[in-house]
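Residue numbers (our numbering): 14 to 382. What follows is a set of notes on a single structure, which appears directly below.
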């Protein structure tokens, strides 16, 4: 019998499986320690993100010991989250879970790197050099996986193979086994059988959100999701070199180019008189006494409706570029309620023995956008 079954095969699932593989035999899935544990199975249907952990007492990551839970948040947490709890997530994020996420993200990345995950700095993702030679990375996106998503999964698979984690593909978990209030395994639809009961001491749910499920999207987000709705991002020749290479220069990106705003409007099917007037109003409203500085929120505003509060730059140097954009979903918000050890909680706040959650299946972190 596997000691741990992980449901999901993305970043969260593989991180959970690798962490479980370092447990001493018989330890709870949410706890960590030295040495390799018993058997783990990972049932793959997708998922992403991971629940952060940190290095051991020495402060240095190592292959033999997954990080233990950090007790205190960072200065970033106290300034940006605890101090203004409503900002960004409408005050609905759980403070204790948020403290774990913010305080342990860096140490977790170093521990994953020590296991074999490869990372690099994202210089092409709106990173700007400061006068002192350092760089600022907007959006908190400093590092990415070598090879992108494919590289992430290749690294995870290599680590799982080294640790002896068994991976089952095309295996849908349809039910949780339970006895006397404790989760004791899963029922899965495996490729070689109808349904099979897989007992386990602990089950970790890490199968991601429902962004790829059309039925659930319609049920929870509404029908249609604005089909066929297109907007255009417009830049001039001075702004074009500042755009993110990974998004605006990747193969398949659509762009319309013209020497004047009027010609651009005709090519994208917009009234040229109205677009020209809109751009002229935007250009005139910019406070040009404030220098443009992409490394900070510079306060250089365009006083239009809706206002552009920072980085307002006039569109006046041809050629002009129009990029068609539409709505998209990165991941869905909401999930199971859990404590800071990842234990799934009942409505009364008590933990369900044997059941854990990680990644986008975990609720309490994100709300709104």
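All residues carry an ideal CB built from backbone N, CA and C; glycine is no exception.
- For residue 281, the three-state secondary structure derived from DSSP is helix.
- Taking a cut-off of 8 Å on C-beta distances, the stretch 177-186 does not touch the stretch 343-353, as fewer than three cross pairs fall below it.
- Counting C-beta atoms within 10 angstroms of its own C-beta, residue 35 has 16 or more neighbours from the protein chains shown and is therefore classed as buried.
- The Cβ atoms of residue 303 and residue 313 lie closer than 7 Å to each other.
- Straight across, the Cα-Cα distance linking residue 293 with residue 285 is about 12 Å.
- Here the alpha carbons of residue 257 and residue 265 stand approximately 15 Å from one another.
- The alpha-carbon separation between residue 373 and residue 362 amounts to approximately 20 Å.
- Here residue 349 carries a strand assignment [DSSP, helix/strand/coil].
- Secondary structure of residue 259 (DSSP, three-state): helix.
- Burial state of residue 143 is exposed, judged by a 10 Å Cβ sphere holding fewer than 16 other Cβ atoms.
- In this structure, DSSP gives residue 148 an extended state, which the three-state scheme calls strand.
- Your pair residue 149 and residue 133 does not check out as a contact, with CB atoms roughly 17 Å apart and the cut at 8 Å.
- Nearest to residue 173 by alpha-carbon distance, out of 192, 334, 24 and 135, is 24.
- In the DSSP assignment, residue 163 falls within the alpha helix (DSSP H) that extends over 161-176.
- The secondary-structure analysis by DSSP pairs residue 368 across a beta bridge with 216.
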